[in-house]
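Asker: These protein sequence lines are chains B and A, in that order.
Numbering follows the working numbering, with no gaps: position 167 of the first sequence is 172.
Numbering follows the working numbering, with no gaps: position 65 of the second sequence is 70.
Think of the CB as a built atom: it goes at the ideal place given N, C-alpha and C, for glycine as much as any other residue.
Note that the structure is predicted; figures quoted are calculated from it, not measured.
Before anything else, here's the structure in question.
There are 2 protein chains.
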Amino acid sequence: MLDTLGIALIGCGTVGGGVADILLRHKDRLASRSGRPIALRRVVVRDTSKLRDSAIPKELISTDHAAAIHDPTVHVVVELIGGTTTAKKVVLDALAAGKHVVTANKALLADAGHELFEAARKAERCVCFEAAVAGGVPIIRALGESLAANQVTAIQGILNGTSNFILTAMAERGMSYAVALAEAQKLGYAEADPTLDVDGSDAAHKLAVLAQIAFGVAARPHEIQRQGIDTLDAMDIRFADELGYTIKLLAEAWTSGEGGRRKAEGGKDETDSAFRLPPSALNWVALHVAPVLLRHTDLLAQVRGAYNAILVHGDIVGETLYQGPGAGRGPTASSVVADIIDIAVGRAQRTFAAAQLWSTANKGFAIEPAERVRSRFYLRLLVADKPGVLADVTRILADEEISISSVVQHEAAESGGSPVPLVIVTHYAETGRFKTALKKINALATVAAPAVFFSMGD
Amino acid sequence: MLDTLGIALIGCGTVGGGVADILLRHKDRLASRSGRPIALRRVVVRDTSKLRDSAIPKELISTDHAAAIHDPTVHVVVELIGGTTTAKKVVLDALAAGKHVVTANKALLADAGHELFEAARKAERCVCFEAAVAGGVPIIRALGESLAANQVTAIQGILNGTSNFILTAMAERGMSYAVALAEAQKLGYAEADPTLDVDGSDAAHKLAVLAQIAFGVAARPHEIQRQGIDTLDAMDIRFADELGYTIKLLAEAWTSGEGGRRKAEGGKDETDSAFRLPPSALNWVALHVAPVLLRHTDLLAQVRGAYNAILVHGDIVGETLYQGPGAGRGPTASSVVADIIDIAVGRAQRTFAAAQLWSTANKGFAIEPAERVRSRFYLRLLVADKPGVLADVTRILADEEISISSVVQHEAAESGGSPVPLVIVTHYAETGRFKTALKKINALATVAAPAVFFSMGD
Chain B
6 MLDTLGIALI GCGTVGGGVA DILLRHKDRL ASRSGRPIAL RRVVVRDTSK LRDSAIPKEL
66 ISTDHAAAIH DPTVHVVVEL IGGTTTAKKV VLDALAAGKH VVTANKALLA DAGHELFEAA
126 RKAERCVCFE AAVAGGVPII RALGESLAAN QVTAIQGILN GTSNFILTAM AERGMSYAVA
186 LAEAQKLGYA EADPTLDVDG SDAAHKLAVL AQIAFGVAAR PHEIQRQGID TLDAMDIRFA
246 DELGYTIKLL AEAWTSGEGG RRKAEGGKDE TDSAFRLPPS ALNWVALHVA PVLLRHTDLL
306 AQVRGAYNAI LVHGDIVGET LYQGPGAGRG PTASSVVADI IDIAVGRAQR TFAAAQLWST
366 ANKGFAIEPA ERVRSRFYLR LLVADKPGVL ADVTRILADE EISISSVVQH EAAESGGSPV
426 PLVIVTHYAE TGRFKTALKK INALATVAAP AVFFSMGD
Chain A
6 MLDTLGIALI GCGTVGGGVA DILLRHKDRL ASRSGRPIAL RRVVVRDTSK LRDSAIPKEL
66 ISTDHAAAIH DPTVHVVVEL IGGTTTAKKV VLDALAAGKH VVTANKALLA DAGHELFEAA
126 RKAERCVCFE AAVAGGVPII RALGESLAAN QVTAIQGILN GTSNFILTAM AERGMSYAVA
186 LAEAQKLGYA EADPTLDVDG SDAAHKLAVL AQIAFGVAAR PHEIQRQGID TLDAMDIRFA
246 DELGYTIKLL AEAWTSGEGG RRKAEGGKDE TDSAFRLPPS ALNWVALHVA PVLLRHTDLL
306 AQVRGAYNAI LVHGDIVGET LYQGPGAGRG PTASSVVADI IDIAVGRAQR TFAAAQLWST
366 ANKGFAIEPA ERVRSRFYLR LLVADKPGVL ADVTRILADE EISISSVVQH EAAESGGSPV
426 PLVIVTHYAE TGRFKTALKK INALATVAAP AVFFSMGD
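Next up, the structure:
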């Protein structure tokens, strides 16, 4: 049996406490899975009094980062403090001290991935981060290892459990956004300041990490186009439902693989594109986070509450789906410990060396604005209830060669001259041309408020 | 860069052809993911004339197993001929010759896993088999690596695409079993002799493989209790639907972890059991393949057509789901090539050594008959339309302390004395006690045909 692998935990909140519990309670299990003992050597926190009642032996606990990092019996430093300042220093110091790093910090990776990974390569150590995206869902291993034969051509992910919880409550229980948010906060699914969750920022960070693995692109989170659910009108959830669709906040990556089209002609049977497309057909990827209309029967439409799920399209395998709890003590700790076991077994080091993530090795993908993606669109207008409006709107769409799939306009019940909703669903169109049409539509005198629009999942 | 990894393909049908295509067409991709070139060196088939029009260079093709296996430029032998006779010899010869093995052969693993893995350990080579269960769904890596921090406490899998295609057609289009089977055969989802698919044998083979990884048990497929869909009556699909349930053929493993109960008290929120249960609470596992009633909103109930999906419950992570195409050229070849890349990177060798699969290392799980599992049950009787029948049946259930959740008996439309269906859904009961009650019910004079029953997913 190999030598004991020593672990230092930096940060011991919800997730860190879970990791400590597993390391302390399941020593036999971890040793048998790793082929060697794994021992918790150090736990570093800001305030040691908070761990007074924990099962962690007192002598392991301190407030001293450097002592933990430089402890010669520590081989792996687990960074769970979050943020991008102290956390970055901890990771760089640990690598410089010759320690492997496990982190759940998506913001740090999205922000400083290149710097951290170069430091790791220089130190000949590895950085593991399964817990950084989608908690208990093993999407990092899926993209990096299980699907390694494929070029990923599309990713659609429900990566923010808070937003999905709120959308589920709005759709299934008819709540307004504000009421659903309040319930999410009460149940601990949303923080007091939910901004980063509901405006799409958190999902954009996670998408940036996935895009690095799948496409080799270093997308800065602020460069990823995003729209959250914080401005979503319950009316659009109702109209979507009437049309047979569910609205989900998706983090998406679309490539030129299928002409940038959301679905290949003919729907689902689009596997074997690896055997059809020349490799050179894949040269750009568009990334965005936005509410998207999914058919009620779509796999991702079924994902309810705080769950996360990621649909990955590979050019050889076709569509695969990964689903599970997106956050929380158990799920996130499970992924952190899986990384520790991978280091203990020696897999992680091999993967790290082979994958060359956040390196200068250009994998040939350019990041394109989402304008290039071909999609169907849901367009909801508030229009004056008088003749000619529909004719004007549809003429503008026709001028951009956008044809219409369906129209919903309900009989105005005593509108008394106030604007009425008009919903139009289009056939496939290039996002750029659709937006051109949108500008002209918003300029119509009969259109009372800026048009609301979403992509459709098919 | 490391030396070229040489591959011999033994068998070149649908899947083998897909593997050859990937190795030949995507050399750059595979080299960049592996950190070394991967080269197809040999293709062995029974009849070389069948590959006359393929893109495989003529000089690689032969009918000579031994020459391929002993070729010093070959490092990995990919066994894709199926069956358990020649295939077994090929695998053992390859290991003896110092070659790593990749196989998609679930029957061979379930049948001779111990012998093959001991031979591999002796030869210090590895056997990889991601493609053996659920085609393109990376369930082997999920169980063995991603969830390594967990003790798996339950598995529920849709592992046979043929059965799921037929069930979907019966449920959604009201087809009889015979008509749905004929359509599956026409579309290539079912073979001319569909027995192994529809009677649960294929799913039992796959479950045996998963149970080895998750519980360390060497279940012989013929020891796994199984019931297929071949005897399913469309009437039960309709009754299930009326009650809010979908019938799916599931391969299931239940442990003593939650008292053998299908769902923990209170439904879904059963994570963190790792922090509650003593490790010793897990000591038995029950395996079976059977049609199960799942709520329409359950994740597995949504899996349609020929797709496969596996729900894994881990004591730390909670529930995670893996879904994708269960068979076919692209998906299966994708998993085979992922294994080849894992060997090229050096991960597979580490995993193989650490996992000690099919070894004598006892992991502490005994296989129990499914009688120990606690479940709710759907019970459908054909009974005489006269007074006292319901009283007799419910009295028998009460005597076994089985309480009733709901009853459906429709008004008999001119039954003219012929038996009418009576459907009873029970609360949780131990399978053994339920079966005791069943015997007594079948003995009632008013019960016209042997009772039909299924477990409920919750």
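(1) Between B:ILE160, B:ILE218, B:ALA434, which lies nearest to LEU362 of chain B when the distance is taken from Cα to Cα?
(2) Counting contacts by CB-CB distance shorter than 9 Å, is VAL48 of chain A in contact with chain B?
(3) Just grab the DSSP bridge partners of ALA434 of chain B for me.
(4) May I ask you to verify whether the segment 195-213 of chain B touches the segment 228-241 of chain B, counting CB pairs closer than 8 Å and requiring at least 3?
(5) Use the C-beta contact count for GLU416 of chain A: other C-beta atoms within 10 angstroms, 16 or more gives buried, fewer gives exposed.
(6) Put SER67 of chain A into one of helix, strand or coil per three-state DSSP.
(7) Looking at the secondary structure, which residues open and close the beta strand (DSSP E) in which PHE459 of chain B lies?
(8) Roughly how many angstroms separate the alpha carbons of ASP69 of chain B and ARG47 of chain B, rounded to a whole number?
(9) Is it right to say PRO330 of chain A is buried, meaning 16 or more other beta carbons lie within 10 angstroms of its own, or is it exposed?
(10) Verify the CB distance criterion: does GLY351 of chain B have a CB-CB separation below 9 Å to chain A?
(11) With 9 Å as the threshold, decide whether the Cβ of LEU395 of chain A is near any Cβ in chain B.
(12) From GLY16 of chain A to SER59 of chain A, what distance separates their C-alpha atoms?
(13) By alpha-carbon positions, which one of B:TRP289, B:ALA360, B:THR337, B:ARG51 ends up nearest to ALA376 of chain B?
(14) Which stretch, first to last residue, makes up the beta strand (DSSP E) that contains TYR327 of chain A?
(15) Here's a check: name, in chain order, each residue in its chain whose Cβ is nearer than 7 Å to the Cβ of LYS445 of chain A, leaving out the five neighbours to either side.
(16) Tell me whether TYR312 of chain A sits in a helix, a strand or coil according to DSSP, three-state version.
(17) I'd like to check one pair, VAL50 of chain B with ILE66 of chain B: are the Cβ atoms closer than 9 Å?
(18) Does any C-beta atom of chain A lie closer than 9 Å to the C-beta of GLY271 of chain B?
(19) May I ask you to list, following chain order, the residues of the segment 290-311 of chain B that have a beta carbon less than 8 Å from some beta carbon of chain A?
(20) From which residue to which residue does the alpha helix (DSSP H) around ALA139 of chain B run?
(21) For ASP347 of chain B, decide whether its Cβ has a neighbour in chain A, counting only Cβ atoms nearer than 9 Å.
(22) Quick one: does GLY319 of chain B have its CB under 9 Å from some CB of chain A?
(23) Is it the case that the Cβ atoms of MET461 of chain A and VAL297 of chain A are separated by a distance below 9 Å?
(24) Distance check for ALA456 of chain B and GLY1 of chain B, CA to CA, integer angstroms please.
(25) Closer than 7 Å by beta-carbon distance: list the chain A residues that pair up with TYR327 of chain B, in chain order.
(26) Give me the chain A residues within the contact set of SER39 of chain B, using Cβ-Cβ distance strictly less than 7 Å, ordered along the chain.
(27) By DSSP, does GLY11 of chain B sit in helix, in strand, or in coil?
(28) Please work out which residues of its chain come closer than 6 Å, Cβ to Cβ, to ASP204 of chain A, disregarding the five sequence neighbours upstream and downstream, and give them in chain order.
(29) For ALA258 of chain A, I'd like the list of residues in its chain whose CB is within less than 6 Å of its CB, leaving aside the five on either flank, ordered along the chain.
(30) When burial is assigned at 16 or more other CB atoms within 10 Å of the CB, is THR365 of chain B buried or exposed?
(31) Since PRO296 of chain B is in the beta strand (DSSP E), which residue starts that stretch and which ends it?
(32) Which residues in chain A sit within 9 Å of VAL106 of chain B, going by Cβ to Cβ distance?
(33) For GLU228 of chain A, count neighbouring Cβ atoms within 10 angstroms of its own Cβ and tell me buried if that reaches 16, exposed if not.
(34) Any C-beta of chain B within less than 8 Å: which residues of the segment 111-143 of chain A qualify?
(35) Please go through the segment 191-268 of chain B and give each complete alpha helix (DSSP H) segment of 4 or more residues, from N-terminal end onward.
(36) Counting C-beta neighbours from all protein chains within 10 Å, is the total for VAL413 of chain B 16 or more, i.e. buried, or is it exposed?
Answerer: The short version:
(1) Reading the first sequence from its first residue, position 357 is the one you call residue 362 of chain B. Out of B:ILE160, B:ILE218, B:ALA434, B:ILE218 has the C-alpha closest to the C-alpha of LEU362 of chain B.
(2) Position 43 of the second sequence, counted from the start, is the residue given in the question as residue 48 of chain A. Not an interface residue.
(3) On the first sequence, position 429 is the one that residue 434 of chain B refers to. Secondary-structure assignment with DSSP links ALA434 of chain B through a beta bridge to B:SER380.
(4) The answer is yes - the segment 228-241 of chain B touches the segment 195-213 of chain B, with three or more Cβ pairs under 8 Å.
(5) On the second sequence, position 411 is the one that residue 416 of chain A refers to. Here GLU416 of chain A is exposed: its Cβ has fewer than 16 other Cβ atoms, across all protein chains shown, within 10 Å.
(6) If you number the second sequence from 1, residue 67 of chain A lands on position 62. Correct three-state label for SER67 of chain A: strand.
(7) Position 454 of the first sequence holds residue 459 of chain B. 457-461 is the extent of the beta strand (DSSP E) around PHE459 of chain B.
(8) Locating residue 69 of chain B in the first sequence gives position 64, counting from the first residue. Locating residue 47 of chain B in the first sequence gives position 42, counting from the first residue. If I take the Cα positions, the gap works out to 10 Å.
(9) In the second sequence, the residue the question calls residue 330 of chain A occupies position 325. Taking a 10 Å sphere around the C-beta of PRO330 of chain A, we find 16 or more other C-beta atoms and assign the residue as buried.
(10) In the first sequence, counting from the first residue as 1, residue 351 of chain B sits at position 346. For GLY351 of chain B, the nearest CB of chain A lies under 9 Å from its own CB, placing it at the interface with that chain.
(11) Numbered from 1 along the second sequence, position 390 holds the residue referred to as residue 395 of chain A. No, its Cβ sits nowhere closer than 9 Å to a Cβ of chain B.
(12) Residue 16 of chain A sits at position 11 when you count from the first residue of the second sequence. Residue 59 of chain A sits at position 54 when you count from the first residue of the second sequence. Straight-line spacing of the CA atoms in GLY16 of chain A and SER59 of chain A works out to 14 Å.
(13) Mapped onto the first sequence, residue 376 of chain B falls at position 371. The question names Ala, yet the displayed sequence has Glu at residue 376 of chain B. Nearest of B:TRP289, B:ALA360, B:THR337, B:ARG51 to GLU376 of chain B, Cα basis: B:TRP289.
(14) Here the question's residue 327 of chain A lines up with position 322 in the second sequence. Unbroken beta strand (DSSP E) run through TYR327 of chain A: 323-330.
(15) Stepping through the second sequence from its first residue, residue 445 of chain A is reached at position 440. Excluding positions up to five away in sequence, the list reads ILE401.
(16) Within the second sequence, the letter at position 307 stands for residue 312 of chain A. Note: TYR312 of chain A maps to strand in three-state DSSP.
(17) As a working note, residue 66 of chain B is residue 61 in the first sequence. As a working note, residue 50 of chain B is residue 45 in the first sequence. Yes, they are a contact pair.
(18) For the purposes of this step, residue 271 of chain B is taken as the residue at position 266 of the first sequence. Note that GLY271 of chain B scores 33 on pLDDT, short of 50, meaning its location in the model is unreliable; the coordinates nonetheless yield the value given after this. Chain A has no Cβ within less than 9 Å of the Cβ of GLY271 of chain B.
(19) For the segment 290-311 of chain B, which is checked against every Cβ of chain A, the residues closer than 8 Å are THR302, LEU304, GLN307, ARG309.
(20) If you number the first sequence from 1, residue 139 of chain B lands on position 134. From DSSP, ALA139 of chain B is part of no alpha helix (DSSP H); its letter is neither H nor E.
(21) As a working mapping, residue 347 of chain B is identified with position 342 in the first sequence. It does: the Cβ of ASP347 of chain B has a partner Cβ on chain A nearer than 9 Å.
(22) Residue 319 of chain B sits at position 314 when you count from the first residue of the first sequence. Cβ-Cβ to chain A under 9 Å: yes for GLY319 of chain B.
(23) On the second sequence, position 456 is the one that residue 461 of chain A refers to. On the second sequence, position 292 is the one that residue 297 of chain A refers to. Yes, they are a contact pair.
(24) Given a span of 6 to 463 for chain B in the structure shown, any question on residue 1 of chain B remains unanswerable.
(25) Translated into the one-based positions of the first sequence, residue 327 of chain B becomes position 322. Neighbours of TYR327 of chain B on chain A, chain order: TYR327.
(26) Counting from 1 along the first sequence, the entry for residue 39 of chain B is found at position 34. Ordered by position in chain A, the residues that pass the 7 Å Cβ test against SER39 of chain B are ALA359.
(27) As a position in the first sequence, residue 11 of chain B is number 6, starting the count at 1. Reduced to three states, the DSSP call for GLY11 of chain B is strand.
(28) Looking up residue 204 of chain A in the second sequence gives position 199. The answer, listed in chain order, is GLY233, ASP235.
(29) Locating residue 258 of chain A in the second sequence gives position 253, where the first residue counts as 1. If we look at ALA258 of chain A and ignore the five residues flanking it on each side, its Cβ neighbours are ILE160, ALA216, VAL290, LEU292.
(30) Looking up residue 365 of chain B in the first sequence gives position 360. With fewer than 16 other Cβ atoms within 10 Å, it is exposed.
(31) The residue you call residue 296 of chain B lines up with position 291 of the first sequence. Counting along the chain, the beta strand (DSSP E) containing PRO296 of chain B begins and ends at 289-300.
(32) The residue labelled residue 106 of chain B in the question sits at position 101 within the first sequence. None at all; the shortest Cβ gap to chain A is about 18 Å.
(33) In the second sequence, counting from the first residue as 1, residue 228 of chain A sits at position 223. That one is exposed.
(34) Here the close residues are GLU135, GLY141, VAL142, PRO143.
(35) Correct list: 200-203, 206-220, 239-248.
(36) Taking the first residue of the first sequence as 1, we reach residue 413 of chain B at position 408. Exposed, by the Cβ-count rule.
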